[in-house]
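Please read the structure below before turning to the comments.
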DNA sequence: ATTGGCACTCGCACGGAATGAGTGCCAGGC
DNA sequence: GCCTGGCACTCATTCCGTGCGAGTGCCAAT
């Protein structure tokens, strides 16, 4: 693939097809785009492109449609992420600024992203694993019932109810509270778990105030920290945008709807978080799920300080406005990261 | 509508139509159901039923289809909610018992309900308004940054970050903590707000420790308590079940998908919470939303002690298995209420 | 290398006929 | 009086056959 014009032709085909949703022919191409050659020339180029597998003809007498390989080349080499307009930037900032807590931030981001791209938006809640512990609070609700509150640097709050066998006095609790906080405050999750394990199994230390109690508290906290469920929590929005693809319902929409229910699949699909403005694009059958051979994923990582705590992105049919989606995904991830920075 | 057999015919039509998704004719009716009469007789009854508006014929030479009015009569008089089997009950209990916190309970209920009914399930988070305050915790994260944690009797936990201008000492905070908790512990939300307002505006009381601080804390708590967002929080699941209705995509599925994004609309649709085993059924155009003339809602209230704190139910096309859906909705609401009772 | 010309290929939309499920009505039987 | 078998009728759906047109592939000319 060296020829310069051929690339332009491919670009034009992708752009036209995404816009019109119909196979595009040689004549329409030269009219709509200003490539100063005749349809016949374009036909030659198209034949070559088809030969190389970048486009395909649904049937003999129809125009051409990009293949997955064609889309891939398009996003890799033929497109530069167009920056958002100032107005869009303002809209994003304004929309996200009103958020009151982490849940709200995530749900607003989801709505925003789905509206910007008119696709289905997926936002993963910030992962626990790399965040740090900000505070642990122990509250006694009833004589034998405790509430553990775990506050993380991302703003996420996990709580656990804990029934204990013996009554717990306020003093004991206060002691434990300071002990636990001394051990884990400001510490990264993984190490905090280590520290808690040490508390849970006081190796013949005589100074442990109330072994059973400390042990069960520590275990509950460890469980809360390593809870898989939290890694899997995601927010989905804009499902109704799928209505635009009422045609190809069985091949494209149905499998996607099913995948959206399978959060685990979805997360795998979004892939590893890659922060720092790098947007990953997964096109069609480029993954292990052949049911999703018609859907693409545009995703990126986000998190405070360019550290990718979680992923966010949009999913939709392969026939998608990639430059627009990539720009929106990148912009939202950037603002979201900034908000987490401040918090 | 007096004739006994006519009612049987209507019931048979509804059951058959729901099962086969096709207009049902007189011949098929007498074959599949054991009504011991000839097709001709059934035809007469059908003509009468059509006259009265309970069924309609899509076109001259097709079978009959129930109208909304027909479904209405069916659910009101022709069906007894069939109890769940023992196995189903066990499955429900087992599935809901593993939940670790309120979020988990709600999301499990959603999944459960959508799997039982093969419809889209909607579960509203327990409303704040009628629940009581169990505990308020004030945590200082940084010298000028506080975290307020509000724990309610339903197990719901709301948190708010609060920036203050002056540094707050641990002692001041402890004093405020006891003061606030003394005022609101165990008190129903509405009254707790009253009590907090009293704290927020200490009417020339000299003993207030730090007016500004107390005021802003109280205000943040009031805001958290009366936050509309929480009343609107709902969990949706089983969207992929809509795929079964790939036909009638534009008339049924698309409007429903759109309604599912509009949580406010959805909540209005679910209607007033009616607890105590009473299941409400809204059929087709029986509401203000003409876009949803093809969708029905089966809902009920739930909450601890038969007090309806929130609603839960399923939405789907009017052609729905009403007895099954009603039974599932009732069963899940019952178990969910029981769990909230225990918590 | 590009271009105009031209024959060719198919998918699709349109129209008419055949099909058949289902109805409405009527006259006769229990 | 209600039920039943028979019969003519309706009309959506299906199946072909045809014409049309968009679009291609190739070739000869520039």
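Protein chains in written order, with the numbering used here: chain A, 1 to 343; chain B, 1 to 343. A virtual CB, placed ideally from N, CA and C, is assigned to each residue, including glycine.
Out of the options, point me to the one whose CA is closest to residue i's CA.
{"i": "residue 118(B)", "options": "237(B), 131(B), 142(B), 125(B)", "result": "237(B)"}
{"i": "residue 337(B)", "options": "96(B), 18(B), 282(B), 248(B)", "result": "96(B)"}
{"i": "residue 388(B)", "options": "165(A), 221(A), 155(A)", "result": "For chain B, the structure presents residues 1 to 343; residue 388(B) sits outside this window and is missing."}
{"i": "residue 192(B)", "options": "22(B), 220(B), 85(B)", "result": "220(B)"}
{"i": "residue 170(B)", "options": "140(B), 198(B), 181(B)", "result": "140(B)"}
{"i": "residue 287(B)", "options": "33(B), 318(B), 326(B), 31(B)", "result": "318(B)"}
{"i": "residue 254(B)", "options": "239(A), 83(A), 325(A)", "result": "239(A)"}
{"i": "residue 7(A)", "options": "330(A), 39(A), 331(A), 73(A)", "result": "73(A)"}
{"i": "residue 303(B)", "options": "68(B), 224(B), 49(B), 131(B)", "result": "131(B)"}
{"i": "residue 33(B)", "options": "48(B), 5(B), 277(B)", "result": "5(B)"}
{"i": "residue 305(B)", "options": "153(B), 322(B), 224(B)", "result": "153(B)"}
{"i": "residue 341(A)", "options": "307(A), 52(A), 9(A)", "result": "307(A)"}
{"i": "residue 60(B)", "options": "185(B), 23(B), 126(B)", "result": "23(B)"}
{"i": "residue 149(B)", "options": "142(A), 125(A), 144(A), 158(A)", "result": "158(A)"}
{"i": "residue 329(A)", "options": "21(A), 49(A), 92(A)", "result": "92(A)"}
{"i": "residue 331(B)", "options": "278(B), 294(B), 290(B)", "result": "278(B)"}
{"i": "residue 71(A)", "options": "56(A), 183(A), 83(A), 63(A)", "result": "56(A)"}
{"i": "residue 82(A)", "options": "39(A), 233(A), 321(A)", "result": "321(A)"}
From the beta carbon of residue i, is the nearest beta carbon of chain A less than 8 angstroms away?
{"i": "residue 189(B)", "result": "no"}
{"i": "residue 243(B)", "result": "yes"}
{"i": "residue 92(B)", "result": "no"}
{"i": "residue 116(B)", "result": "no"}
{"i": "residue 141(B)", "result": "yes"}
{"i": "residue 1(B)", "result": "The predicted model places residue 1(B) with a pLDDT of 49, which falls under 50 and marks its position as unreliable; any figure quoted below should be read in that light. No, no contact with chain A."}
{"i": "residue 151(B)", "result": "yes"}
{"i": "residue 208(B)", "result": "Low confidence applies to residue 208(B): its pLDDT is 47, below 50, so where it sits in the model is not reliable enough to give any reading."}
{"i": "residue 192(B)", "result": "no"}
{"i": "residue 232(B)", "result": "no"}
What does residue i touch in chain B if you count any residue whose Cβ is under 8 angstroms from its own?
{"i": "residue 239(A)", "result": "239, 257, 260, 261"}
Could one say the Cβ of residue i lies closer than 8 angstroms to chain B's Cβ atoms, at least one of them?
{"i": "residue 97(A)", "result": "no"}
{"i": "residue 16(A)", "result": "no"}
{"i": "residue 267(A)", "result": "no"}
{"i": "residue 205(A)", "result": "For residue 205(A), the pLDDT reaches just 49, beneath the cut-off of 50, and the residue's location in the model is therefore unreliable, although a value from the coordinates is still provided. No, no contact with chain B."}
{"i": "residue 249(A)", "result": "yes"}
{"i": "residue 170(A)", "result": "no"}
{"i": "residue 21(A)", "result": "no"}
{"i": "residue 339(A)", "result": "no"}
{"i": "residue 331(A)", "result": "no"}
What in chain A is Cβ-close to residue i, meaning under 9 angstroms?
{"i": "residue 157(B)", "result": "147, 149, 157, 159"}
{"i": "residue 101(B)", "result": "158, 159, 160, 161"}
{"i": "residue 59(B)", "result": "Ordered by position in chain A, no residue passes the 9 angstroms Cβ test against residue 59(B), which lies about 24 angstroms from the chain."}
{"i": "residue 108(B)", "result": "In chain order: nothing, as chain A lies at least about 11 angstroms away."}
{"i": "residue 167(B)", "result": "Neighbours of residue 167(B) on chain A: none; closest Cβ ~17 angstroms, over 9 angstroms."}
{"i": "residue 137(B)", "result": "137, 139, 147, 149"}
Along chain B, in chain order, which residues have C-beta atoms closer than 7 angstroms to that of residue i?
{"i": "residue 177(A)", "result": "Those do not exist, as residue 177(A) stays about 10 angstroms from chain B at its closest Cβ, beyond 7 angstroms."}
{"i": "residue 134(A)", "result": "141"}
Notebook entry, point to check: Between the segment 290-308 of chain A and the segment 267-282 of chain A, do three or more beta carbon pairs fall short of 8 angstroms?
Noted result: yes
Margin query: Does the structure place the segment 135-151 of chain A close enough to the segment 21-38 of chain B that three or more beta carbon pairs sit under 8 angstroms?
Written below: no
Check: Just checking, does the segment 2-13 of chain B make contact with the segment 95-112 of chain A on the three C-beta pairs under 8 angstroms criterion?
Finding: no
Next item on the list: Answer yes if the segment 160-180 of chain A comes into contact with the segment 244-254 of chain A, meaning at least three C-beta pairs across the two stretches below 8 angstroms, and no otherwise.
Entry: no
Check: Enumerated in chain order, which unbroken segments of the beta strand (DSSP E) with a length of 3 residues or greater are wholly contained in the segment 246-332 of chain B?
Finding: 280-282, 295-302, 310-317
Next item on the list: Flag this pair as touching only if the segment 77-84 of chain A and the segment 43-54 of chain A have three or more C-beta atom pairs under 8 angstroms; answer yes or no.
Entry: no
Next item on the list: Output the residue ranges of the alpha helix (DSSP H) runs that lie fully inside the segment 35-92 of chain A and measure 4 residues or longer, sorted by chain position.
Entry: 39-51, 68-73
Checklist line | Every unbroken alpha helix (DSSP H) within the segment 86-146 of chain B, with a cutoff of 4 residues, ordered by chain | finding: 86-97, 102-117
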